[in-house]
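Chains as they are written, first to last, in the working numbering: chain P, 18 to 269; chain H, 287 to 602; chain B, 63 to 300; chain W, 27 to 313; chain F, 406 to 778.
Cβ coordinates follow ideal geometry from the N, Cα and C atoms, glycine included.
Source: prediction; values computed, not measured.
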Amino acid sequence: MIEPILRLDGVSKQFGGLSALTDVSFSLNEGEVVGLIGPNGAGKTTLVNVVTGNLRRSSGRILFRSEDVGLQKPYQAARRGLARTFQIVQPFPAMTVLENVTAGALFGGGAGSLGDARDMAMESLAFVGLDALADRPAANLALAARKRLELAKSLAMNPRVLMLDEVNAGLNSSEIDGALDLIRRIADRGVTVLIIEHLMKVVLSLSKRLLVLHHGQLIADGPSAEIVADERVIEAYLGAKFAARLKELNHG
Amino acid sequence: MRSGFPLYAAMIAGLLVLATTPLYADNYVVRTAAIVAMYGALATSWNFIGGFTGYPSFSTAAFFGLGAYVGAICQRHGIPMGLAWAIATVVVAAFAALLGGIILRLRGHYFAIGSIAVVELCRLVISSWSSLTGGGDGLNLPLMPWPPEQLMRFFLFVMLAILLASLIATIFVDRSRLGFGLRCIHQNEDAAAMVGINTTAYKIAAYTLSAMFCATAGAAYASWTGYIDPTDSFQIVMTVKVVVMALLGGAGTILGPALGAAAFVLLEELFWANFLDWNRAILGVVIVLLIFFLPGGLLSLGVLRRLRAAKVGGGK
Amino acid sequence: MAEPLLALDGVTSGYGQIQVLWGMDLVVHPGEIVALVGSNGAGKSTLLRTISGQLAPRAGTIRFNGASIGGARPDVVLKAGLAHVPEGRRLFRGLTVRDNLMLGAYLRTDREAIARDLDWVFELFPILRDRQRQDATTLSGGEQQMCAVGRGIMSRPRLLMIDELSLGLSPRMVEHLGEALLALNRAGQTILLVEQDVMTAFELSHRAYIVENGRVARFGASAELARDPTVSEAYLSI
Amino acid sequence: MAIYLQIISNGLMLGALYACLAVGFSLVWGVLNVINMLHGSFIILGGYLTFFAWHLYGIHPVVMLPIVAALMFALGFALQKLVINRVVSAPVLTTLTLTFGLDMILYNAMTYWFTATPRRITLDLGAVDLGSVVLPVDRLIGTALALVLTLLLYGVMRGSSIGRAIVAVRMDRSAAELMGIRTDRIYAITFGIGALMAGVAGVVFATVFPITTNVTGIWLGKAFVVCVVGGLGSVPGALVGGLVLGLVESFAGHWFGPQQAITAGFVLMLVLLVTRPTGLIGVRGYE
Amino acid sequence: QETIKIGAPLALTGGLADEGHKQDVVWKMWVEKVNAAGGIPVGDKKLKVELIEYDYQSEGQRASQLAEKLINDDKVQFLFSPFGSGHTKIVAGVGERYQVPTIACVASSESVYDQTLKYLFGTLSPNGGMTTAMVAFFKEKFPQTKTIAVLGRDDVFPKSMAEGIAKAAEAGGLNVVYKELYPVGTMDHAAALSSIKAAKPDWIYVTGYTQDLILARKQMQDLGVTAPIVTMVTGPSYKEFTEGLGPLANGISSSSWWHHLTSYEGQGVWPTTAAFYEDFKARTKGDPDYVHGSCAAAGEVIVDALARAGSLDKAKVRDAIAATDIQTFYGPIKFGPNGMNLSRELPIIQVQDGTIKVLAPAAIKNADMIAMP
Ligand SMILES: Nc1ncnc2c1ncn2[C@@H]1O[C@H](COP(=O)(O)OP(=O)(O)OP(=O)(O)O)[C@@H](O)[C@H]1O
Ligand SMILES: Nc1ncnc2c1ncn2[C@@H]1O[C@H](COP(=O)(O)OP(=O)(O)OP(=O)(O)O)[C@@H](O)[C@H]1O
Ligand SMILES: CC(C)C[C@H](N)C(=O)O
Ligand SMILES: [Mg+2]
Ligand SMILES: [Mg+2]
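Set out below in structure tokens:
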């Protein structure tokens, strides 16, 4: 079989007494779009932080293209092509939208010169449909635009794996539809996407495969359809009412 | 977008004004010009770490003082002056790089305090290491057997050279990916790391740059006065003065710090000549007014805007 | 019909040059749950900030419980009985969950009543009881939201305003919070709710206002709005 | 061994004074996030008030304690409300520079009016001789006062709702507003308390050390070290930091000579800054 | 009408303010007297003297800046260097560069003069004169003296004195049981004093400037640190010391460069020591100390040199000063090759019930040495 692009092997993370991640193991295959769901506090964001080196895993191995990157620094993760977005978006406020993305291209995307970087930046701005706002200061974008900017920045780093931590939280339906389309197009470029989301609508429409975290443990990993029917998942995450709503949607 | 022309023009003009003082003014004016150039270089150096990177560094006096001492010690061991200055520069740069590796992990107020502590610590170490530094005795340097006018002119040009060097370095950094990276760090360090900037390395680079020219200036200053001692070589007041100068001109811009230095030194001279008893207080008032009414520095004034050139790095 | 608890009449507001609200009219009656829905940047949060005194209205009147509170300082508004749970939780770093909750009762002096309300918050959100000694900002997003709502409750407000209840919460958590709000409401708590997830909003509220670009686009009984095809077309496309 | 008892008691007495000197600085730093370069001058100002009251009108320092406290609180409160408040949320560079400028003014004024000549209050209280250890009475009193005042502040911060509000404002200004807290007032009160503590430290110091503008920088430096060693914005932190610094200086002075004493303090500070930026006690809520 | 301009960077504020004001007083006194007499004879005309003073606020860098200002802007022909060896070094450097004769009246450390400055002259005699003699004298008075503890301020003069005394003591067969320097700005001597106490020396020798010494003395008292002989240099030379300490000053011994009890005679505006004493007393109500004496003498050096040079030509004047060999109320003045006044017997003094007594040299002694109370 083909070598997975990212593989976690018995990864754990403690905060003092509290264990945010316990012996988590799974792997992502090149080009896959996988959903990561789980109740609040399950450890989803922590998981991302551990993979990108923002937090140091307490134990376990993290393999990127079968290289152990468990001790890498965030900037190394970025250069390797492990990009992520933040649950709370983090732009360079005083810089223009273009400059924000240029930074991604220049340092993460390995652009040779400022010039190339700007071209790459324009490209990914166009891709996410922000090119119109290129010269606006990032600070006074509305939330939806800021989330797109975050995406454009990650894209400019031409990542191999892209981890999206609730890029859709706070967007309204029409905006979400836009985002969905965008993420699909990203995936079509062959980028492996791990998408963390509470909006099942989003998760289900994007990913064939779901991972479910609960109290820091991976309680399920499999095809979406099965997962949403899984008793433990309903119990731990979806809740009976929502599960019911899903069912009638699938039938109706 | 932005043309460098007004910038260069202003820069050349400024340097020329200083360089020509010996032609028409007496020695004291020339001395003042040299002091302007010196502080200009110090402020411009500070700009790398304080202006571009946004790290509130107060280490200037430490680098200046160390430069002075390294240079002095070398000269006393018979090393020719120029070489001594070079050595001072390199040694202090290395010191800054090492130190940076340690204290640049700190942020905001902690970094500020740490960088101030460095000044105090250097003073204490230098003064208790008598065998090498003469401790509280200070050190005498070989006096230069030149007539005062010539001597003064010489050091004016030396200080101007250092200033010019620091300015060129600034322009270069500003246009390079280093400058861009530093500005990203300034804006949001975590996000900077996220886009693949090796923040540690970049910060150390900035800190080292901010130390080098201070060291050269310090060494030159030592040769100039011919006598240095710990208390006068490591002054917190000097450290803060330099920061104020940079703010006064406009931190993070190319010419701002140097401009601020000139303005500050001249003001100081003025108050000093006219209100001996209160000059310190008046400077205090100037600082307060600056903070309130000119937070962006002189270069945020309409007239001077065009010199502001360096907006967020490399954005062209 | 009884005198409304909160009544806005032609309120305009904004930040610096940016005007955000363009004459909002809105009423909340005692005992109601009223929902505010609308896309990002519509001005929902700005409205709440204006009501709670963080922004001063530039025109229009805000009457609360019979008195005009337009432009009053936040502490005055709060004393009048109007609590605001801000968007993004805004818990106090460095303080334990418990201390955060206690700060909700900053203006109160009735110690034993405060103690009772604290217990009541812990019943609503048991997880908080277990985490009460943890630094509140190290809680997960959902846990933080509970803490924030709890902090709002601790001031014993006549009207509780919650901004973005479900932002970043799991469906189950939203459901749980929803039940908690309903329980609160049954206990007589009047609530003004800003909500992105329109479905949840309509389920929870008696009446709802749809805000667009700083104006009220539609309002009415939530059930009816939910049934209205034009509305579901725009907001309910799951 | 006798000598060590003496060294330790020297260290503890000095340490208590340091704690008292630093606690106000630490509070302002922690809550307003402002490094108050005026702190050293505030201490000396408190000292001058005490000295002249004693020198001109024979008022005993202990009597001056509440008076100085009140005056300094008023000064601090006003200064914050009128001046510092305008930049209170600006980055450290701005606030630090501003307070430095203000300090230049105060410093210059004091040097001009009182001259740099050191002033001294000589109460000649003698010393208690425990054989192996000698404890100067004025220092003992100073130590006691320092401890009492510091603990008093702790009580206020911990127990009173003002204390709680101060912490809330320290963490999130606009959220604190929603709790009904008036942030501008809290800031002014905090800065007032900071100045007050500096002032009373000055009163205590006036009986032990010479009062002169030349030493403002020295005391300010101590405040830095104590804060970092103990941990920011926390009364217990200041207490621990002060005592540790006192002991370190005392022992270093004995073992390596007075030249190394002060150096040791700064080294300790830098080491802690890097290894344990939150100080020995760490940043906590109250305090 | 041309005048003779003398420039003086002075510490009128800051740490050395007291000392600065001493210099200020005497010089003004001297200038008035000279000008009242019509000025200084140079060649065939008499020129008035103008003294230009600036406050350098006890900050070395300012001292040098002001020296430059005095020379360039105010065109002074002479410099009076400020108080202390440290700052004298700084100012002397400037004077040398501009070849302006500089008279140092309060710098006595050889290290100031050992840097081959041709234009620097000092009216104080070398520190050495104050150490060996003192060791000998104390051993004679207190034969049981075996050990000495030395605590010195890490600053040019006090440091050289501390090292000087330690050497002299060892040479004189004493055992140095403690020798440390304390940094400038030390506020708490408890640690050092405790260590000294533990060493139980027969003689405690502390150097520093007045304020350090007052502080040290007080803390010695607090910690019950004492010895048969306690010497503080140069504390008791100043009335600020005795006034600042009151009874605590009693028994403290020291040495000085000059004392008003001496009875020298010679040329200049003050023919005798007594004459100077009277004038000074009349003007300031206080007793003059060596700083006053030495500073006034500096003026006399210039008067004499100008008379012999017969012109204001820098080089001529400089050589004239170098050739100085005069008697004044302050004693003989004759500069050695390094520009320092030649050594002579210096007074050893002690505070006895509140007043300064002279213990030696025999010629002017007015009291016998007592042990510390
Ligand atoms: N720095 C930290 N210190 C202590 N505990 C932490 C820290 N960061 C996270 N935690 C805890 O780890 C658990 C997982 O947090 P995490 O943010 O990963 O949850 P999550 O799955 O992202 O939740 P949400 O969907 O609400 O964002 C939570 O219980 C949280 O309290
Ligand atoms: N502090 C501010 N300064 C300037 N403009 C602001 C500020 N806060 C919000 N705005 C602007 O006001 C408009 C309304 O913002 P508001 O937060 O009220 O929208 P919202 O309805 O709450 O949207 P969301 O659902 O994203 O919270 C937006 O265009 C936003 O950019
Ligand atoms: C205070 C005096 C003793 C000055 C001393 N003569 C010196 O050389 O500094
Ligand atoms: Mg999360
Ligand atoms: Mg909102």
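| Query | Result |
| --- | --- |
| Please list the terminal residues of the continuous beta strand (DSSP E) segment that includes Leu-147/B. | The residue you asked about is not Leu; residue 147/B is Val in the sequence shown. Per DSSP, Val-147/B belongs to the beta strand (DSSP E) from 144 to 147. |
| Got a sec: which bits of the segment 506 to 522 of chain H sit with their beta carbon under 7 Å from any beta carbon on chain F, in order along the chain? | Thr-511, Gly-512, Tyr-513, Asp-515, Thr-517, Asp-518 |
| Apart from the five residues just before and just after Gly-115/B, which ones in its own chain have a Cβ nearer than 6 Å to its Cβ? | Ala-134, Arg-135, Pro-136, Val-139 |
| For ligand 1, is there a heavy atom less than 7 Å away from the beta-carbon of Gly-201/B? | The displayed chain sequence assigns Leu, not Gly, to residue 201/B. Yes, ligand 1 has a heavy atom inside 7 Å of this Cβ. |
| Flag Met-217/P as yes if its beta-carbon sits less than 8 Å from any beta-carbon of chain B, otherwise no. | yes |
| CB-CB under 6 Å to Ile-300/B, same chain, minus the five flanking residues each way: which ones, in chain order? | Only weak support exists for where Ile-300/B lies, its pLDDT of 41 falling under 50; the value from the coordinates is given anyway. So the list is empty, once near-sequence residues are dropped. |
| Measuring CA to CA, which of Asn-46/P, Met-112/P, Ala-237/P, Arg-74/P is closest to Gly-33/P? | Arg-74/P |
| Quick check for students: name the residue ranges of the alpha helix (DSSP H) that lie wholly in the segment 27 to 110 of chain W, counting only runs of 4 or more. | 28 to 58, 65 to 83, 87 to 108 |
| Name the residues in the segment 560 to 580 of chain H whose C-beta lies less than 7 Å from a C-beta of chain W; which are they? | Asp-563, Trp-564, Arg-566, Ala-567, Leu-569, Gly-570, Val-571, Ile-573, Val-574, Ile-577, Phe-578 |
| Could you tell me which uninterrupted beta strand (DSSP E) segments, each at least 3 residues in length, are contained entirely in the segment 33 to 93 of chain P, listed from first to last along the chain? | 35 to 45, 50 to 54, 76 to 81 |
| Please work out which residues of its chain come closer than 7 Å, Cβ to Cβ, to Ala-69/B, disregarding the five sequence neighbours upstream and downstream, and give them in chain order. | Val-89, Arg-125 |
| To be precise: take each residue of the segment 164 to 176 of chain P, compare its Cβ to all Cβ atoms of chain H, and keep it if any distance is under 9 Å. Which residues remain? | Lys-170, Ser-171, Ala-173, Met-174 |
| Less than 8 Å between the CB atoms is what I'm expecting for Leu-586/F and Asp-559/F, so what's the real figure, rounded? | 4 Å |
| Who are the neighbours of Lys-141/B on chain W, taking C-beta pairs under 8 Å? | Gly-206 |
| To be precise: take each residue of the segment 230 to 246 of chain W, compare its Cβ to all Cβ atoms of chain H, and keep it if any distance is under 8 Å. Which residues remain? | Gly-243 |
| Flag Gly-52/P as yes when its Cβ comes closer than 7 Å to any non-hydrogen atom of ligand 1, and as no otherwise. | no |
| Among the candidates Asp-136/P, Ser-191/P, Arg-78/P, Ala-242/P, whose CA atom is the shortest distance from the CA of Val-296/P? | Past the boundaries of the shown model lies residue 296/P; chain P is included only from 18 to 269, so the question cannot be answered. |
| Just the Cα atoms here: how many angstroms apart are Asn-484/H and Gly-127/P? | 13 Å |
| On the three-pair Cβ rule with 8 Å, is the segment 445 to 453 of chain F touching the segment 714 to 721 of chain F? | yes |
| Taking C-beta pairs closer than 9 Å, name the residues in chain F that Ile-131/W reaches, listed in chain order. | Under the 9 Å cutoff, chain F gives no residues; its nearest Cβ is about 15 Å from Ile-131/W. |
| Among the candidates Ala-358/H, Leu-569/H, Ala-548/H, whose CA atom is the shortest distance from the CA of Ser-519/H? | Ala-358/H |
| Kindly indicate which three-state DSSP category Gly-291/W falls into: helix, strand or coil? | helix |
| Pull up the distance between the alpha-carbon of Val-378/H and that of Val-322/H, whole angstroms please. | 22 Å |
| Given a limit of 9 Å on CB to CB distance, which residues of the segment 378 to 404 of chain H reach chain W? | Ile-388, Ile-389, Arg-391, Leu-392, Arg-393, Gly-394, His-395, Tyr-396, Phe-397, Ala-398, Ile-399, Gly-400, Ile-402, Ala-403, Val-404 |
| Does chain W have any CB closer than 8 Å to the CB of Leu-157/B? | yes |
| Give every residue of the same chain whose Cβ lies closer than 6 Å to the Cβ of Arg-24/P, excluding the five residues on either side of it in the sequence, and list them in chain order. | Ser-44, Leu-80 |
| To which residues does DSSP link Gly-527/F through a beta bridge? | Ala-509/F, Met-745/F |
| Please state whether DSSP places Arg-190/W in a helix, a strand or coil. | helix |
| Would you call the segment 472 to 481 of chain H and the segment 408 to 427 of chain H in contact, with 3 or more CB pairs under 8 Å? | no |
| Can you grab the Cα-Cα spacing for the pair Lys-602/H / Ala-455/H, in whole Å? | Annotation note: pLDDT 28 at Lys-602/H (below 50); position unreliable, no value reported. |
| Going straight from the alpha carbon of Ala-595/H to that of Leu-541/H, what length do you get? | At Ala-595/H the pLDDT is 49, less than 50, meaning the model places this residue with poor confidence; the figure from the coordinates comes in the next sentence. Each residue's Cα considered, the two are about 9 Å apart. |
| Just the chain F side, please: which residues come within less than 7 Å of Pro-144/W by C-beta, in chain order? | Gln-616 |
| Would you decide whether Val-88/W is buried or exposed? Buried here means 16 or more other CB atoms lie within 10 Å of its CB. | exposed |
| I need the DSSP call for Ala-451/H, collapsed to helix, strand or coil. | helix |
| Between Met-183/W, Ala-116/W, Thr-120/W, which lies nearest to Gly-220/W when the distance is taken from Cα to Cα? | Met-183/W |
| From this set, Asp-709/F, Asp-423/F, Lys-572/F, Phe-562/F, which residue's C-alpha is nearest Ile-553/F's C-alpha? | Lys-572/F |
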